[in-house]
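Just so you know, this note's numbering puts 236 at position 231 of the sequence shown, and the rest follows in order with no gaps.
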Amino acid sequence: MPGPGQPPSGRGPVAGRAGPVGRRRRIGYNPDRPPARHKTMSERLWPFKDLARFLRYEDPEVRYWAAERLARHHPDEAADLLAPYLFDDHDLTPELVAGYLGRHGAPAHVPQLVRAVRTQRRMAAARALEALVRLRAPEAIDLARSAFDRRDFDEECWSALLEALAERSDPPARAVLAEFLKRRADWFGSPPILRSALNVTGPGEYRPVLQAWLRSLQWRGAGGGGAGDSFRVLMDHLEIDDCGWCFRTELSGRIDFARTLKAVESSYDCEVRAALGDETCARIAATLMAGAFETSAAALSGTILEQARRVRRAPGDDLADRIVEASVFWADPEVARAVEGLGPHLREWVIGFLLSAVFKMARYRNHDLEVRRAAGDLEALLRMMEVETSMMLDSLPDAIRSAVEAAGPAGGPERSAARRLAEERCLALLAARGPFFPQGAALETLGELRSVGAINEILDFLAEENSYLYEAAEHALSMMEDAVVEPARARLEAGTVDEEAGHSLLIVLCERGTREALRLVLEHLEFFMDAAGPGDAARWMSLLGARELIDPLRRYLPQETALVGQAVLLLGGIHNQRVPEEAEIRRAIDEYWKQQPEGGEESDEP
6 MPGPGQPPSG
16 RGPVAGRAGP
26 VGRRRRIGYN
36 PDRPPARHKT
46 MSERLWPFKD
56 LARFLRYEDP
66 EVRYWAAERL
76 ARHHPDEAAD
86 LLAPYLFDDH
96 DLTPELVAGY
106 LGRHGAPAHV
116 PQLVRAVRTQ
126 RRMAAARALE
136 ALVRLRAPEA
146 IDLARSAFDR
156 RDFDEECWSA
166 LLEALAERSD
176 PPARAVLAEF
186 LKRRADWFGS
196 PPILRSALNV
206 TGPGEYRPVL
216 QAWLRSLQWR
226 GAGGGGAGDS
236 FRVLMDHLEI
246 DDCGWCFRTE
256 LSGRIDFART
266 LKAVESSYDC
276 EVRAALGDET
286 CARIAATLMA
296 GAFETSAAAL
306 SGTILEQARR
316 VRRAPGDDLA
326 DRIVEASVFW
336 ADPEVARAVE
346 GLGPHLREWV
356 IGFLLSAVFK
366 MARYRNHDLE
376 VRRAAGDLEA
386 LLRMMEVETS
396 MMLDSLPDAI
406 RSAVEAAGPA
416 GGPERSAARR
426 LAEERCLALL
436 AARGPFFPQG
446 AALETLGELR
456 SVGAINEILD
466 FLAEENSYLY
476 EAAEHALSMM
486 EDAVVEPARA
496 RLEAGTVDEE
506 AGHSLLIVLC
516 ERGTREALRL
526 VLEHLEFFMD
536 AAGPGDAARW
546 MSLLGARELI
556 DPLRRYLPQE
566 TALVGQAVLL
576 LGGIHNQRVP
586 EEAEIRRAID
596 EYWKQQPEGG
606 EESDEP
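Below, the structure is given as structure tokens:
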């Protein structure tokens, strides 16, 4: 289990796709990663009318595939066509359609969504209710309140619904959210539910939320990964970079503050010692070396409070107050004793949170507020991109794109100059040796700008082990339409793409769903199968829905019969082509499920 602050690296078994939430989860459409805003200029393998025809197929797997492709590639056109499939008999199609309608539906779809809430179960009903909340349907609040007693709604169902209520955030939605959280405080240990609660928590309101979280940990146990994931949620909410990957310890296991301080200053390109002062640093070092949890928590909390008093804040900036409030809670003697009783894992996370908060306050900035207030000021936004923090990776690239577009009409000299300035700054960051958060922001920004001239520089980052970087490169390339194909082909033919980068490149090509992407996959199919593994590669390739893939994939059936076989059966269903190995494949799939934990989050399900 990763420890506090472990840096992200390596591609896991579900790299590049939505996490599994059901027994037969498919790769593809993820409502949390909305489709790109642009429309492709390349030829899709499957135009809208063909996908609409596939929706009428008897095979439920083909219907699911068609619904997913429509939601991904035709988000603005497919709502009326997909709405009736809220009641499809496939396990996952109703859930997919409900999630899609929450983002792209209209008032005309409300009656069908209401019916789905009342007739469907579990995640399909929860997603339908979430969609009603997002669409601000008149029935949404009453239906959400009446769902409190539904026994088929588990934590996963409620996390989706609470997120929608928190985002809506008008008084009726906040009232339902508060009522639910009061009734189900035992679920605060779930990271998504904690995130929703924090989204509607203001200054002076943190203690009851954190108390409920602690009680939930007492009921659940704090030894698993959930506690760490929840602390990361809290740190993201408070704009605190998780510095735990910089922590250095003595052989005794106690934190060596002097070495940790040097690591943080080097990794985050900042001056912390000067901000804290030698006396404070010496006090923290001695306290941490002594190893008493309650004393360490109190010392770190006191330092955070002291730093907060010195911070010069912009009008409307209450972030420092919220950080202090959360920090004081964990240093409360009664809370500290409760944490002590829950074991070393939770103690490590509390100290990691407080120490990261100390470093935050020593170099205090309210990044969200700065990005919002710099809207339209391209030079100010580009300077922010050089700050070593993960807290602006979501908001800053979009703000830079908006500033470039605001510089002048498309094709005009003002916008061209602004675009050139942004691209040059991004390329300079990519060429620099470290730090990596600005490079991640630069990659995302090049994607937002559709900077096809930078594709080769972006491709270089697919080989990175750091997930912030290779995922940002994947996302940027996915915005480039088919301009990525020829540079990728040149590298593949030159043999300069390693397997890690090949896995990412396969994801990008299969998500494109164009003829040029298919041609490149077929030309280098053996390489992609080796890079991603036959099972995962076949699953991604099946998104293309191409007949030409059936026979090449059949050759890999002996290696991973269940996973490759599922892809082959889907392609056979799309093209009404018999698969000779069908009986063998279905036996392998049944055997596969007998060996898997039910709904396991880490299982690589077919």
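Backbone N, C-alpha and C fix where the C-beta goes; we use that ideal spot for every residue, glycine too.
Item: Residue 295 versus residue 149: straight-line alpha-carbon distance, rounded; Value: 50 Å
Item: Within 9 Å, strictly: CB atoms of residue 99 and residue 121; Value: yes
Item: Residue span of the alpha helix (DSSP H) that contains residue 397, given as start and end; Value: It is not in any alpha helix (DSSP H) - residue 397 carries neither H nor E in the DSSP assignment.
Item: Whole-Å CB distance - residue 478 paired with residue 467, under 8 Å assumed; Value: 5 Å
Item: When 441, 439, 408, 440 are compared against residue 428, the one with the closest alpha-carbon; Value: 408
Item: Opposing strand residues paired with residue 292 [DSSP bridges]; Value: Residue 292 is not bridged to any residue.
Item: C-alpha distance - residue 335 paired with residue 186, whole-angstrom precision; Value: 21 Å
Item: Proximity winner among 197, 93, 387, 277, relative to residue 403 (alpha-carbon distances); Value: 387
Item: Chain-order list of residues whose beta-carbon lies under 7 Å from that of residue 444 (same chain, five-residue window excluded); Value: 434, 435, 474
Item: Cβ distance (whole Å) where residue 78 is taken to contact residue 518 below 8 Å; Value: 6 Å
Item: Proximity below 9 Å, CB of residue 158 to CB of residue 131; Value: yes
Item: Reduced DSSP secondary structure (H/G/I, E/B, other) of residue 68; Value: helix
Item: Close-in-space but distant-in-sequence residues of the same chain around residue 31 (CB under 6 Å, 5 per side omitted); Value: With a pLDDT of only 33 at residue 31, under the threshold of 50, the placement of this residue in the model should not be trusted; the figure read from the coordinates follows. Closer than 6 Å at the Cβ level, and outside the excluded window around residue 31, lies no residue.
Item: Cβ-Cβ distance between residue 543 and residue 508 below 9 Å; Value: no
Item: Between the CA atoms of residue 380 and residue 401 - distance to the nearest angstrom; Value: 10 Å
Item: Between the CA atoms of residue 208 and residue 330 - distance to the nearest angstrom; Value: 8 Å
Item: The stretch 383-399 touching the stretch 296-315, judged by at least three CB pairs closer than 8 Å; Value: no
Item: Secondary structure of residue 206, DSSP reduced to three states; Value: coil
Item: Residue 85 and residue 69 closer than 9 Å at C-beta; Value: no
Item: Ranges of the beta strand (DSSP E) found wholly within the stretch 136-215, counting only runs of at least 3; Value: none
Item: Through-space distance from residue 219 to residue 415, alpha-carbon basis; Value: 53 Å
Item: Where residue 455 sits in the DSSP three-state scheme; Value: coil
Item: Euclidean distance between Cα positions of residue 560 and residue 82; Value: 38 Å
Item: Neighbour-count burial assignment, residue 417, 16 or more Cβ in a 10 Å radius; Value: exposed
Item: Three-state secondary structure assigned by DSSP to residue 245; Value: coil
Item: Start-end ranges of the alpha helix (DSSP H) lying completely within the stretch 347-426, minimum 4 residues; Value: 349-367, 372-378, 383-389, 401-411
Item: For residue 200 and residue 238, the rounded distance between their alpha carbons; Value: 6 Å
Item: At least three beta-carbon pairs within less than 8 Å, the stretch 314-333 to the stretch 352-372; Value: yes
Item: DSSP state of residue 461 mapped onto helix, strand, coil; Value: helix
Item: Any non-hydrogen atom of the ligand SAH within 8 Å of residue 124 CB; Value: This structure lacks the ligand SAH; in fact it carries no ligand of any kind.
Item: Opening and closing residue of the alpha helix (DSSP H) in which residue 99 lies; Value: 98-109
Item: Anticipated Cβ contact below 8 Å, residue 569 with residue 540, distance rounded; Value: 6 Å
Item: As assigned by DSSP and simplified to three states, the class of residue 49; Value: strand
Item: DSSP three-state assignment for residue 519, whether helix, strand or coil; Value: strand
Item: Residue 583 classed as buried or exposed, judged by whether at least 16 other C-beta atoms fall within 10 angstroms; Value: exposed
Item: Rounded straight-line distance, which links the Cα of residue 171 to that of residue 202; Value: 8 Å
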